Amino acid sequence: MKRIVVLISGSGSNLQALLDQAEAAQLGGDIVAVISNKAEAYGLERARIAGVPTAVLSHQGYADREGYDAALMQLIDGFRPDLVVLAGFMRILTPAFVRHYQGRMLNIHPSLLPKYQGLHTHRRAIEAGDVEHGCSVHFVTEELDGGPVILQARVPIFEGDDEAAVAARVLVQEHAIYPLVTRWFCDGRLAMRDGLAVLDGKALPAQGYAED
Numbered sequence: 165m166k167r168i169v170v171l172i173s174g175s176g177s178n179l180q181a182l183l184d185q186a187e188a189a190q191l192g193g194d195i196v197a198v199i200s201n202k203a204e205a206y207g208l209e210r211a212r213i214a215g216v217p218t219a220v221l222s223h224q225g226y227a228d229r230e231g232y233d234a235a236l237m238q239l240i241d242g243f244r245p246d247l248v249v250l251a252g253f254m255r256i257l258t259p260a261f262v263r264h265y266q267g268r269m270l271n272i273h274p275s276l277l278p279k280y281q282g283l284h285t286h287r288r289a290i291e292a293g294d295v296e297h298g299c300s301v302h303f304v305t306e307e308l309d310g311g312p313v314i315l316q317a318r319v320p321i322f323e324g325d326d327e328a329a330v331a332a333r334v335l336v337q338e339h340a341i342y343p344l345v346t347r348w349f350c351d352g353r354l355a356m357r358d359g360l361a362v363l364d365g366k367a368l369p370a371q372g373y374a375e376d
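Residues are numbered in my numbering as their position in the sequence shown, beginning at 1, plus a constant of 164.
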């Protein structure tokens with residue numbers, strides 16, 4: 165079984181989806197630790213309820229990102245992970261950190277990448293008049309939200325929708341596709357090679373996997 169470490173900063177709803185699948189023996193791996201940079205993150209309580217070890221490493225008290233990320237790497241590596249999953253970890257990672265976990269770190273982003281990298285994705289989609297929005301699971305690279313996309317899920321934007329309505333619709337899909345991609349990795353079906361996401365030995369297109 166692959167060993168998974170999950171990084172969070174907040175409520176941890178995607179973490180809960182992963183925990184639920186792990187409990188049902190559908191994740192293909194064990195979540196061996198949940199780490200947060202914020203002690204008040206509710207996701208830590210979710211992990212405790214599930215019996216998963218937790219740790220808090222506050223970014224306060226570190227002079228720079230490099231110092232914090234070096235300490236975070238040391239903490240993560242103590243759990244000997246095969247995969248690091250970012251589940252609402254609200255920090256920009258240093259190049260050294262990203263390189264250390266290259267090809268074994270996943271993130272989920274609430275847009276149809278490459279559209280709307282960064283923050284406020286739902287607002288930006290509404291303001292642009294988009295009729296479709298969604299979420300993307302991707303490998304993490306040094307480019308913010310720019311790593312190769314593995315899987316996307318699409319949702320409609322209806323006239324009169326506000327950010328909360330769109331966010332709720334997208335979140336349902338996040339909870340479906342993030343555990344699935346994690347399972348692909350744990351089962352040995354998914355890898356990153358030469359800057360591309362590869363599933364079952366075949367390079368995925370820029371928008372990730374799509375069923376026929």
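By construction, the Cβ of each residue, glycine as well, lies at the ideal position given by its N, Cα and C atoms. Quantities reported herein were computed from a predicted structural model and do not represent experimental measurements.
Cβ separation of residue i and residue j, assumed to be a contact under 8 Å, to the nearest whole Å
i: F322; j: P312; result: Not confirmed; about 31 Å, so no contact.
i: V330; j: H297; result: 6 Å
i: A355; j: G267; result: 7 Å
i: D309; j: Q337; result: The Cβ separation is near 17 Å, so there is no contact.
Cβ-based neighbour list, residue i, same chain, cut-off 7 Å, excluding 5 preceding and 5 following
i: A205; result: I172, S173, G174 and G176
i: M237; result: F261 and H264
i: Q185; result: L191 and P343
i: Q371; result: V313 and Q316
i: V198; result: V170, I172, L179, G207, L208, A211, V216 and T218
i: V277; result: Sequence inspection shows Leu at residue 277; the Val mentioned does not correspond to that position. So the list reads S300, H302, D309 and V313, once near-sequence residues are dropped.
i: D285; result: Correcting the residue type first, residue 285 is Thr in the shown sequence and not Asp. Contacts found: P274 and S275.
i: A340; result: A317
i: R353; result: L363 and D364
i: Y373; result: I314, L315 and L363
Beta-carbon proximity list for residue i, same chain, < 6 Å, skipping 5 on both sides
i: A367; result: L360
i: D376; result: Its pLDDT being 39, under 50, D376 is placed unreliably by the model, and the measurement read from it follows with that caveat. Excluding sequence neighbours, D376 sits near nothing in its chain.
i: Q180; result: R210
i: I240; result: V169
i: L250; result: L171 and N271
i: G252; result: I172, S173 and G174
i: R333; result: V319
i: F381; result: Residue 381 lies beyond the residue range present for the chain, which begins at 165 and ends at 376; the question has no answer from this structure.
i: M449; result: Any property of residue 449 remains undetermined from this structure, which presents the chain solely from 165 to 376.
i: A223; result: The sequence shown places His at residue 223, rather than the Ala named in the question. N201 and Y232, listed in sequence order.
i: D358; result: none
i: I290; result: none
i: E306; result: P259 and V262
Cβ-based neighbour list, residue i, same chain, cut-off 8 Å, excluding 5 preceding and 5 following
i: R441; result: What the structure shows of the chain is the stretch from 165 to 376, and residue 441 is not part of that stretch, so it cannot be assessed.
i: L183; result: I195, R210, A211, A214 and V216
i: E187; result: A214
i: L283; result: none
Of the listed residues the options, nearest to residue i (C-alpha basis)
i: A328; options: R288, H223 and R357; result: R288
i: M165; options: L221, D351, H273 and T305; result: D351
i: V295; options: M269, E306 and D326; result: D326
i: S200; options: R347, A189, E187 and D233; result: D233
i: A189; options: E291, R347 and G225; result: R347
beta-carbon residue i near the ligand NAD non-hydrogen atom, thresh 8 Å
i: A328; result: Only the bare structure without any ligand can be found here, which leaves the ligand NAD out of the picture.
Is the number of C-beta pairs between the stretch 317 to 333 and the stretch 211 to 228 that are closer than 8 Å three or more?
no
Decide yes or no for the touch test of the stretch 251 to 259 against the stretch 227 to 238: beta carbon pairs closer than 8 Å, at least 3 of them.
Two segments are said to touch when three or more pairs of C-beta atoms, one from each, lie closer than 8 Å; by this definition the stretch 251 to 259 touches the stretch 227 to 238.
Which runs of the beta strand (DSSP E) at least 3 residues long sit entirely within the stretch 257 to 335? Give them in chain order.
Fully enclosed beta strand (DSSP E) runs of 3 or longer: 269 to 273, 296 to 303 and 313 to 320.
Jot down the residue ranges of each uninterrupted beta strand (DSSP E) in the stretch 190 to 222, minimum 3 residues, whole runs only, in chain order.
Every beta strand (DSSP E) of 3 residues or more that sits fully in the stretch 190 to 222 is shown, in chain order, as 193 to 200 and 218 to 220.
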